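Before any comments, here is the structure.
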Amino acid sequence: MNFNKLKFGDTIGIIGGGQLGKMMAQSAQKMGFKVICLDPNPDSPCKSVAHEFITAAYDDEEALHELGEKSDVITYEFENISAEQLIRLTQKFNIPQGYQAIQLLQDRLTEKQTLQQAESKIVPFLPIKEEKDLNVVINQLGYPFIVKTRFGGYDGKGQVLVKNEESIQEAKDLISQQECVAEQFLDIALEVSLTVTIGNQKQITYFPLQENEHRNQILFKTIVPARSDKEQEARDEVNKIINEVHFVGTFTVEFFIDKSNNLYVNEIAPRPHNSGHYSIEACDYSQFDTHILAVTGQNLPKEIEILKPAVMMNLLGRDLDLLEDKFANHPEWHVHIYGKPERKPNRKMGHMTILTNNVDETEKAMLKQFEGENS
Ligand code: ADP
Ligand code: MG
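In structure tokens form, the structure reads like this:
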């Protein structure tokens, strides 16, 4: 592969200054790289750790060029960059991740078509261009189904669960805003994810299989190692996907497991992922460390070692309201606060990781802590 190996003191440009950008920057700095971050929000989490910060919209061509000129490599922390702009940038600057993953995966429809091409097992779906396509969905998929916008959804935003004809109006409202896909609603027994880093020589480094619980479609907790026998199958799925899509750096594949223990690919995040945050404390390399190693052209560790099993809990605004007074008494809670200026009930404000030799017990104890809000 043809991209530059960075040296200590070289500069990494990050598009996006949220918590993922911040944690990438923290890994980069530990290894002696400088970081320039571009984000429209001058108060974004990454600002406090970046050497330089460019306040500009993600589609501000001039600002993106400034970032490119000042950086030895460009990476991104999220998938909602314009693919056309990224194509132009890749012609001028060193962007080992390329544009293909963004182009294919930022659109749920082309993402699903890519997964079909890879012969991955996915939940039955149909494209929705306009309201009348809902009739086809009702006939072919049947109730219940989920309507998801093709672009821009995250943490369950841009999704409507349609249980029966009474809840169809909400789906119509969503479709009037943009084209969507409809997915059969799956009776899920367990959700798992696999975080993977691809290096400069196409080396593949797998993190351990992660077990995820979502509440209100937002990741609530991750347990590692997952209490599931699907690790090898998940790796096999990832291997099929990387034959179809060019990846460099860290990405995550999310899976559903149904009540008959069938594994389905849900979606792919072409960047570090919330369900990989535990790796900062629980593994010998974090998903951000390996991402920085990959995009700066270094070799990757062959294996990731779990130092201790872990429970990672997300801290939404409402959890912080509930738990803020308790952190002082719990040094075993490895707390990360992202530094977002405004606390909102459903906004991810931070996360915490607890290392434990007894996952079941720790899980129970943590659920009690969060009970006031989420039960
Ligand atoms: P996001 O981009 O917001 O993460 P996802 O498609 O991963 O969107 O959906 C978020 C969560 O909603 C999933 O992790 C799962 O808990 C639930 N969900 C999504 N699609 C389905 C489905 N087809 N059947 C059952 N649950 C689903
Ligand atoms: Mg998801």
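Each residue of the sequence shown is one higher than the last, beginning at 1 in our numbering.
Note that the Cβ used here is the ideal one computed from N, Cα and C, for glycine as well.
Keep in mind that this is a model prediction, so the values were computed, not measured.
TODO: State yes or no: is the C-beta of T290 within less than 8 Å of the C-beta of T197?
DONE: yes
- [ ] For G156, verify whether its CB is less than 7 Å away from any heavy atom of ligand 1.
- [x] yes
Task: Under 8 Å between C-beta atoms of L315 and M366 - done: no
- [ ] Kindly examine ligand 2 and report whether one of its heavy atoms sits closer than 7 Å to the Cβ of N266.
- [x] Under cutoff, so the answer is yes.
Open item on the list: Tell me the rounded alpha-carbon separation between G21 and L104.
Closed with: 22 Å
- [ ] May I ask you to list the residues that DSSP assigns as paired with T290?
- [x] Answer is none; T290 lacks a bridge partner.
- [ ] Could you check which residue in M312, K344 and K302 has the C-alpha nearest to that of L322?
- [x] K344
- [ ] Compute the minimum distance between the beta carbon of L307 and the heavy atoms of ligand 1, and state whether it is under 7 Å.
- [x] no
Open item on the list: With a threshold of 7 Å (Cβ to nearest heavy atom), would E213 be considered close to ligand 2?
Closed with: Look at E213: its beta carbon is at least 7 Å from all of the heavy atoms in ligand 2.
Task: Residue interval of the beta strand (DSSP E) (run including A197) - done: According to the sequence shown, residue 197 is Thr rather than Ala. Run containing T197: I188 to I198, per the beta strand (DSSP E) assignment.
- [ ] Report the option in D360, E77, M313 and Y206 whose CA atom is closest to the CA atom of L300.
- [x] Y206
TODO: Kindly give me the distance between the Cβ atoms of P401 and I304, rounded to whole angstroms, as I take these residues to be in contact under 8 Å.
DONE: The structure shown has nothing for residue 401, since the chain only spans 1 to 375.
TODO: Write down the C-beta distance between I168 and L134 rounded to the nearest angstrom, noting that I regard them as a contact closer than 8 Å.
DONE: 7 Å
Task: Limits of the beta strand (DSSP E) - the one that K148 falls within - done: Per DSSP, K148 belongs to the beta strand (DSSP E) from F145 to T149.
Open item on the list: Here's a check: name, in chain order, each residue in its chain whose Cβ is nearer than 6 Å to the Cβ of A25, leaving out the five neighbours to either side.
Closed with: V35, C46, V49 and A50
Task: Straight-line Cα distance separating L67 from G13 - done: 6 Å
TODO: Can you tell me which of G9, K5, Q19 and K7 puts its alpha carbon nearest to the alpha carbon of Y338?
DONE: Minimum Cα distance to Y338 is reached at Q19.
Open item on the list: What does the Cβ neighbour count give for D229, buried or exposed, with the cut at 16 atoms within 10 Å?
Closed with: exposed
TODO: Measuring alpha carbon to alpha carbon, tell me which of N200, Y278, K172 and N41 ends up nearest H334.
DONE: Y278
Task: Span separating the alpha-carbon of K92 from that of I74 - done: 11 Å
Task: Bridge partner(s) assigned by DSSP for V295 - done: Answer by DSSP bridge pairing: none, since V295 is not bridged.
Task: Contact set for F33: own chain, Cβ-Cβ below 8 Å, skip 5 residues either direction - done: L6, F8, G9, D10, T11, I12, I292 and T296
Task: Pairwise C-alpha distance: T149 and S176 - done: If I take the Cα positions, the gap works out to 10 Å.
Open item on the list: Contact defined as beta carbons within less than 8 Å: I believe A282 pairs with A310. What is the distance between those atoms, to the nearest angstrom?
Closed with: 4 Å
- [ ] Check the DSSP bridge columns for E52 and list the partner residues they point to.
- [x] Note: E52 sits in a beta bridge opposite I36.
Task: Separation of E52 from D72, as counted between CA atoms - done: Spanning the two alpha carbons is a distance of roughly 14 Å.
- [ ] Identify whether T251 lies in helix, strand or coil by the three-state DSSP scheme.
- [x] Note that residue 251 is Phe in the sequence shown, not Thr. Strand.
TODO: Say yes only if the C-beta of E119 is nearer than 7 Å to one or more non-hydrogen atoms of ligand 1, and no if none qualify.
DONE: no
Task: CB contact below 8 Å: E303 versus chain C - done: Among the chains of the structure shown, chain C does not appear; only one protein chain is present.
TODO: Taking E6 as part of the beta strand (DSSP E), name the residues at either end of that continuous run.
DONE: According to the sequence as given, residue 6 is Leu; it is not Glu. Here L6 belongs to no beta strand (DSSP E), and DSSP marks it neither H nor E.
Open item on the list: Within a Cβ cutoff of 6 Å, which residues of the same chain sit near T110, ignoring the five residues on either side of it in sequence?
Closed with: Counting only Cβ-Cβ distances below 6 Å, and skipping sequence neighbours, we find L104.
- [ ] Look at L383 and E233 and say whether their C-beta atoms are less than 8 Å apart.
- [x] Examination of residue 383 is not possible in this model, given that the chain is present from 1 through 375 alone.
Task: Rounded C-alpha distance that separates K340 from G153 - done: 20 Å
TODO: Give a yes or no on whether the C-beta atoms belonging to K112 and V181 are separated by under 8 Å.
DONE: At the C-beta level, K112 and V181 come within 8 Å of one another.
Open item on the list: Taking the alpha carbon of A184 as the reference point, which residue from D258, F78, T250 and Q201 has its own alpha carbon closest?
Closed with: Correcting the residue identity first, residue 184 is Gln in this sequence and not Ala. Distances from the alpha-carbon of Q184 to those of D258, F78, T250 and Q201 put D258 closest.
Open item on the list: Quick check: what's the CA-CA separation for F220 versus I188?
Closed with: 16 Å
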